[in-house]
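Residue numbers (this note's numbering): 56 to 346.
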């Protein structure tokens with residue numbers, strides 16, 4: 056089993072690091088040597104880290120918690136999304152919005168906003184607005200969907216994070232450390248291994264290498280799901296804490312003034328009144344801050 060894993064990792068190029076001019080001295084224990092001005096990662100350390108990561112994440116999932124997959128750099132997006140969907144875990148592969156973890160209530164409110172916008176389109180009520188307002192609402196829906204699609208069903212904070220490239224995902228790592236959420240990360244020779252809890256030293260730039268590591272992580276999560284108690288039930292779609300935070304997130308603070316706000320002054324007739332009511336907390340409008 057170990058020999059097959061070593062062969063698979065080598066064929067995927069997981070052992071290739073960055074150029075010797077770009078490295079973090081803290082990665083020295085994970086480096087085997089260098090060849091043609093490129094660092095070679097010790098594949099034994101990669102196997103050790105990957106097996107530890109699989110064991111840890113499997114235990115997290117077996118307790119009924121989720122693992123959030125994070126990989127927003129271009130080579131990692133497809134693999135992170137595919138493997139997260141395969142094992143039924145939340146993911147972020149487009150853009151990490153600041154506060155995704157530390158301000159989770161507001162993120163949940165944006166997802167509620169997405170449901171409202173989708174309901175407007177599905178029921179046809181969106182056509183009651185002006186063409187300009189329709190265009191703005193549709194653009195807002197697309198933006199929220201693109202950024203938050205992967206965590207749409209995540210109703211609580213995850214039990215752990217699996218990330219690709221600790222340097223690129225430094226904001227996510229910082230938020231997880233602040234909340235005490237364990238992190239597992241594929242770290243290249245230019246990263247800081249001290250920022251994460253479980254280090255998987257390896258190439259974080261090659262799509263094939265990322266795909267292999269992510270697939271093994273997803274396999275471990277599937278195994279953890281199978282070991283859950285027989286009476287385990289998934290969490291509800293939206294907890295009371297998320298709902299409470301969503302209400303404050305939508306109504307709290309100063310509201311940006313938009314064209315719809317003029318409706319309550321009666322200056323634009325029936326359409327202005329309708330859009331004015333929407334801006335004051337009625338049906339969704341496009342005047343709120345978007346992610």
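No residue lacks a Cβ here, since even glycine has one placed at the ideal position from N, Cα and C.
Under three-state DSSP, which class holds residue i?
{"i": "residue 152", "result": "coil"}
{"i": "residue 201", "result": "helix"}
{"i": "residue 69", "result": "coil"}
{"i": "residue 89", "result": "strand"}
{"i": "residue 74", "result": "strand"}
{"i": "residue 312", "result": "Here the model assigns residue 312 a pLDDT of 43, short of 50, so the residue's position is not dependable, and the following value carries that caveat. Coil at residue 312, not helix or strand."}
{"i": "residue 318", "result": "Because residue 318 sits at a pLDDT of 44, beneath the cut-off of 50, its placement in the model cannot be relied upon, and the following sentence gives the value as read from the coordinates. Of the three classes helix, strand and coil, the one that applies to residue 318 here is helix, per DSSP."}
Bridge partners of residue i, per DSSP?
{"i": "residue 122", "result": "215"}
{"i": "residue 206", "result": "Answer is none; residue 206 lacks a bridge partner."}
{"i": "residue 61", "result": "According to DSSP, which records beta bridges pairwise, residue 61 is partnered with nothing at all."}
{"i": "residue 146", "result": "124"}
{"i": "residue 184", "result": "None, per the DSSP bridge assignment."}
{"i": "residue 348", "result": "The chain is shown only over 56 to 346; residue 348 falls outside these bounds and no answer can be derived."}
Ends of the alpha helix (DSSP H) at residue i?
{"i": "residue 38", "result": "This structure cannot speak to residue 38, because the chain is shown only from 56 to 346."}
{"i": "residue 117", "result": "98-117"}
{"i": "residue 178", "result": "159-178"}
Length at least 4, wholly inside the stretch 214-294: the alpha helix (DSSP H) runs in chain order: 225-234, 262-281
Segment contact flag, the stretch 156-169 with the stretch 131-144, C-beta cutoff 8 angstroms, min 3 pairs: Fewer than three Cβ pairs drawn from the stretch 156-169 and the stretch 131-144 lie within less than 8 angstroms of each other, which leaves the two stretches out of contact.
The stretch 97-109 in contact with the stretch 121-134 per 3-pair CB rule at 8 angstroms: no
Given 8 angstroms, three or more beta-carbon pairs between the stretch 232-242 and the stretch 208-222: yes
Contact the stretch 80-98 vs the stretch 177-189: 3+ CB pairs below 8 angstroms: no
Meets three-Cβ-pair contact criterion under 8 angstroms: the stretch 255-275 and the stretch 63-71: Judged by Cβ distances under 8 angstroms, the stretch 255-275 makes contact with the stretch 63-71, as three or more pairs qualify.
Validate contact between the stretch 226-241 and the stretch 200-207 using beta carbons, cut 8 angstroms, 3 pairs: no
Cβ pair count under 8 angstroms reaching 3, the stretch 261-270 against the stretch 76-88: no
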